[in-house]
């Protein structure tokens with residue numbers, strides 16, 4: 004079988020720009036988007052069988068009512084074959100209209116801009132099956148959810164000289180929550196999280212830029228705050244013996260850090276480059292969680308406080324560095340090598356481990372106390388990569404270009420580059436469901452040939 008997400012999108016877009024004077028240019032525009040994603044399971048291979056009966060086998064075990072096991076009450080006990088949809092089948096429709104405008108000011112020693120955008124986002128679920136567990140809340144078009152949003156931004160550039168600039172940018176905006184996060188078990192019912200709110204985003208950065216013929220440098224400091232976000236996952240709960248939907252609301256996150264990039268030529272054909280980034284990405288409040296059973300309407304927990312404040316957001320290194328050297332031949336080929344370093348890789352935390360309920364069986368002196376609460380951090384690591392390319396002109400306007408690269412030359416497959424704590428968790432036995440990791444691919448080769456005409 005395949006779990007399918009088939010998207011279809013239409014869009015209209017228009018831009019306008021006009022120079023009001025030598026120092027002022029205004030621009031604006033609008034766009035409209037219609038996006039529909041069909042979500043369903045599809046039979047790929049019957050494995051030698053003649054057909055499959057479209058019923059939920061777990062529901063057959065859990066409910067006495069024979070209708071509860073029907074994936075589609077409009078077609079009970081439907082026999083399906085290769086290519087047929089089954090299990091669940093629904094459309095998620097998102098519509099958005101936006102208008103925006105910007106003014107840009109330019110003078111010999113400074114530039115500045117200011118902008119505003121307004122938008123309306125609507126989304127709804129359309130069920131194509133009438134599910135037996137939720138017969139009154141699964142089939143047909145569901146409630147349409149509407150959100151009005153706005154955003155303001157501005158920036159300033161100070162021209163220290165013709166080759167040195169200092170800039171500052173800032174923005175505050177709101178956006179609608181993502182439909183994929185607010186629906187609880189959309190495969191079988193039209194149900195959303197309570198008290199949906201717009202997500203609030205505040206961001207800013209400062210930059211210093213230097214550009215010379217043989218040397219370039221850019222230094223950046225940034226800060227972003229995302230508030231009122233929604234986090235939603237489904238997983239198998241061993242204690243409840245069913246799939247559950249874990250929804251985290253009122254999620255605040257902070258992202259801040261510094262970045263530095265340099266590039267320079269030490270000779271006509273030799274170029275050196277380097278980059279460094281260090282950040283802190285963390286949860287900045289105590290969200291609340293709602294836990295519901297997937298196959299019925301049972302509420303397992305509500306308004307559970309999650310003590311996630313100051314825990315790092317997992318999923319990527321929060322410190323990285325890179326250094327490289329490249330040789331550019333006068334005969335239109337190049338070759339180079341990069342050294343990459345990764346550090347501060349935190350596992351994505353299981354929010355339910357940071358609750359009173361998960362630690363109520365322990366005292367702070369218990370070894371399990373730290374095992375439950377502490378956030379794991381992966382070892383630092385590095386890779387060595389190489390790349391090369393060649394450009395050949397067949398005749399005027401026609402070229403053949405070849406690019407090749409080799410990543411992880413040292414074939415280090417023990418480097419763990421990402422990981423997460425399982426949502427499956429037993430408070431009485433914290434190590435029962437160990438952390439999951441993703442390892443670096445071994446030596447990988449890439450080759451691309453391009454014909455330009």
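Numbering (this note's numbering), first residue to last: 4 to 456.
Think of the CB as a built atom: it goes at the ideal place given N, C-alpha and C, for glycine as much as any other residue.
Every value quoted in this text rests on a predicted model; they were computed, and no experiment measured them.
Classification of residue i by the beta-carbon crowding that lies within 10 angstroms, buried from 16 upward
i: residue 217; result: exposed
i: residue 357; result: buried
i: residue 397; result: exposed
i: residue 85; result: exposed
i: residue 401; result: exposed
i: residue 51; result: exposed
i: residue 59; result: buried
i: residue 240; result: buried
i: residue 333; result: exposed
i: residue 143; result: exposed
i: residue 367; result: exposed
i: residue 242; result: exposed
i: residue 56; result: exposed
i: residue 99; result: buried
i: residue 360; result: exposed
i: residue 11; result: exposed
i: residue 82; result: exposed
i: residue 15; result: exposed
i: residue 75; result: buried
i: residue 439; result: exposed
Where the alpha helix (DSSP H) through residue i begins and ends
i: residue 362; result: 359-362
i: residue 376; result: 370-376
i: residue 396; result: Not the alpha helix (DSSP H): residue 396 falls in the beta strand (DSSP E), residues 384-398.
i: residue 227; result: Premise fails: residue 227 lies in the beta strand (DSSP E), 218-240, not in any alpha helix (DSSP H).
i: residue 72; result: It is not in any alpha helix (DSSP H) - residue 72 carries neither H nor E in the DSSP assignment.
i: residue 183; result: 182-185
i: residue 324; result: Run containing residue 324: none in the alpha helix (DSSP H); it sits in the beta strand (DSSP E), 320-331.
i: residue 61; result: 60-65
Pairwise C-alpha distance: residue j and residue i
i: residue 365; j: residue 434; result: 15 angstroms
i: residue 271; j: residue 231; result: 52 angstroms
i: residue 413; j: residue 405; result: 24 angstroms
i: residue 31; j: residue 105; result: 6 angstroms
i: residue 377; j: residue 354; result: 12 angstroms
i: residue 111; j: residue 329; result: 36 angstroms
i: residue 28; j: residue 165; result: 22 angstroms
i: residue 162; j: residue 264; result: 20 angstroms
i: residue 20; j: residue 103; result: 12 angstroms
i: residue 44; j: residue 133; result: 15 angstroms
i: residue 109; j: residue 116; result: 9 angstroms
i: residue 451; j: residue 395; result: 14 angstroms
i: residue 321; j: residue 53; result: 52 angstroms
i: residue 221; j: residue 301; result: 54 angstroms
i: residue 283; j: residue 449; result: 33 angstroms
i: residue 459; j: residue 352; result: This structure cannot settle anything about residue 459, because the visible part of the chain is limited to 4 through 456.
i: residue 444; j: residue 25; result: 54 angstroms
i: residue 137; j: residue 147; result: 19 angstroms
Beta-carbon proximity of residue i to residue j, cut-off 8 angstroms
i: residue 255; j: residue 286; result: yes
i: residue 281; j: residue 267; result: no
i: residue 69; j: residue 128; result: no
i: residue 291; j: residue 196; result: no
i: residue 191; j: residue 141; result: yes
i: residue 159; j: residue 426; result: no
i: residue 135; j: residue 73; result: yes
i: residue 40; j: residue 94; result: yes
i: residue 152; j: residue 178; result: yes
i: residue 385; j: residue 454; result: no
i: residue 337; j: residue 392; result: yes
i: residue 295; j: residue 248; result: yes
i: residue 169; j: residue 211; result: yes
i: residue 298; j: residue 61; result: yes
i: residue 235; j: residue 184; result: yes
i: residue 4; j: residue 46; result: yes
i: residue 362; j: residue 409; result: no
i: residue 420; j: residue 345; result: yes
i: residue 379; j: residue 418; result: no
Residue-chain proximity (residue i, chain D), Cβ-Cβ < 8 angstroms
i: residue 372; result: Absent from the structure: chain D. Only one protein chain is present.
Delimiting residues of the beta strand (DSSP E) encompassing residue i
i: residue 88; result: 88-109
i: residue 305; result: 302-308
i: residue 247; result: 245-268
i: residue 347; result: 336-349
i: residue 278; result: 273-286
i: residue 455; result: 447-455
i: residue 9; result: 5-22
i: residue 167; result: 167-178
i: residue 209; result: 202-215
i: residue 294; result: 291-296
Contact test: residue i Cβ vs the ligand FAD heavy atom, cutoff 7 angstroms
i: residue 300; result: This structure lacks the ligand FAD; in fact it carries no ligand of any kind.
Which runs of the alpha helix (DSSP H), 4 residues or longer, sit entirely within the region 400-440? none
Unbroken beta strand (DSSP E) runs of length 3 or more, entirely within the region 25-58: which are they? 27-45
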